[in-house]
Amino acid sequence: MQGGASGQFAAIPLNLAALSKNKLQPTADYVVTGSWSEKAAKEAEKYMNPVKINNPQKPYVTVSDPASWSRNEDAAYLYYCANETVHGVEICEAPETLPGVPLVADVSSNILSRPFDVSKHGIVYGGTQKNLGAAGLTIAIVQKDLIGHEHKMTPSHGIVYGGTQKNLGAAGLTIAIVQKDLIGHEHKMTPSVFSYREMEKNNSVYNTPSTYGIYITKLVLEWIKETGGVHALFERNQRKSSMIYDIINSSDGFYS
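Quick note on UniProt numbering: the sequence shown kicks off at 1 and runs consecutively.
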């Protein structure tokens, strides 16, 4: 999909608003742990009532105990950013949701950096520019039964999502992985280019795709496979990051 991972900030509420049990004032749960999830919640305010269930406090330095989160029974979905690059906050385990509430994750900056259970999510999305390829492409994995619930103004795009420019390739591409049963719940105002249903009907080429971004992402995925896959990549990343954190942790507070 196109529009970047930031485009998914609008695409998700537009595609899933109809899943909310509160039809007069659709709502969704947002776990806000940094600037990216904060921006996503802010964008959602245009279409519904996003509830920040973890009572976020600035500066963003940690994730509160999930047991303290005030989950909303009327929520269309529960949204979180798996890795906040600006504030350095990562959620390593998929949050639990209430029965019938799909989980949505932005994995733009850590997709394929470690094992990730897509099956627990209704939508997984990310721009390819960080880990998967070139900018200009967004990958959205959407559960089939989530398609077709869009707002009437929903543009035609994708949900686990992220821009490819950080881990997957060049800028200009966003990957959105949307759980199948999340397709078809879009807001009535959802533009066609942000509609998961339109993307599914058109085999992800509703409009002209970012061919260069797709090509670069293909090369990155082939390289990951050739070098041992995601598990091997995760182990290498752990070794590299531990070198930095060993210095930080032994600095007696000089670095923090």
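Don't be surprised by glycine CBs; every beta carbon is placed ideally from N, CA and C.
(request) Output the boundary residues of the alpha helix (DSSP H) element that contains VAL220. (result) In the DSSP assignment, VAL220 falls within the unbroken alpha helix (DSSP H) covering 211-226.
(message) Can you give me the C-alpha to C-alpha distance between VAL142 and LEU103, rounded to a whole angstrom?
(response) Using only the alpha carbons, I get a separation of about 11 Å.
(message) The beta strand (DSSP E) that contains VAL51, what's its start and end?
(response) For VAL51, the enclosing beta strand (DSSP E) begins and ends at 49-52.
(request) Count the other C-beta atoms from every protein chain shown that fall within 10 angstroms of the C-beta of CYS81, then say buried if there are 16 or more, exposed otherwise. (result) With 16 or more neighbouring CB atoms inside 10 Å of its own CB, CYS81 falls in the buried class.
(message) If contact is defined by three or more beta carbon pairs under 8 Å, each pair taking one atom from either stretch, is the segment 160-169 in contact with the segment 129-136?
(response) Touching, yes, given that three or more Cβ pairs across the two stretches are closer than 8 Å.
(message) Quick check on the burial criterion: 16 or more other C-beta atoms within 10 angstroms. Buried or exposed for ILE224?
(response) Label assigned to ILE224: buried.
(message) Here's a check: name, in chain order, each residue in its chain whose Cβ is nearer than 6 Å to the Cβ of THR85, leaving out the five neighbours to either side.
(response) The residues are SER109.
(message) Could you tell me the alpha carbon to alpha carbon distance between ALA94 and ASN202, rounded to whole angstroms?
(response) When rounded, the distance between both Cα atoms is 30 Å.
(message) For ALA75 and ASP181, I'd like the C-alpha separation in whole angstroms.
(response) Here the C-alpha atom of ALA75 lies approximately 16 Å from the C-alpha atom of ASP181.
(request) With a 10 Å radius around its C-beta and 16 neighbouring C-beta atoms as the bar for buried, classify HIS231 as buried or exposed. (result) Burial call: exposed.
(request) Tell me, to the nearest whole angstrom, how far the beta carbon of ASN207 is from that of GLN8; I am working on the premise that it is less than 8 Å. (result) Not really, about 16 Å apart at Cβ, beyond 8 Å.
(message) So, for LEU219: in the same chain, excluding its five sequence neighbours on each side, which residues have a beta-carbon less than 8 Å away from its beta-carbon?
(response) Residues of the same chain with a CB within less than 8 Å of the CB of LEU219, apart from the 5 flanking positions on each side, are GLY133, GLY169 in chain order.
(request) Express the C-alpha separation of ILE111 and PHE234 in angstroms, rounding to a whole number. (result) One C-alpha to the other measures close to 11 Å.
(request) Within 10 angstroms of the Cβ of THR174, are there 16 or more other Cβ atoms? Answer buried if so, exposed if not. (result) THR174 comes out buried.
(message) If the criterion is Cβ atoms closer than 7 Å, does the pair LEU16 and TYR79 meet it?
(response) In this structure, TYR79 does not lie closer than 7 Å to LEU16 by Cβ.
(message) Going by DSSP, what residue range makes up the alpha helix (DSSP H) through ASP246?
(response) Unbroken alpha helix (DSSP H) run through ASP246: 229-249.
(message) Checking the sheet assignment: what are the DSSP bridge partners for ASN131?
(response) Per DSSP, ASN167.
(request) Could you give the DSSP three-state label for ILE12: helix, strand or coil? (result) In the three-state scheme derived from DSSP, where H, G and I count as helix and E and B as strand, ILE12 is classed as helix.
(message) On the CB-based measure, 16 or more other CB atoms within 10 Å of its CB, does VAL61 come out buried or exposed?
(response) By the neighbour-count rule (16 or more Cβ atoms within 10 Å), VAL61 is not buried but exposed.
(message) Assuming VAL51 and THR33 are in contact, meaning their beta carbons sit under 8 Å apart, how far apart are those beta carbons, in whole angstroms?
(response) With 8 Å as the limit, VAL51 and THR33 do not qualify as a contact, their Cβ atoms being about 15 Å apart.
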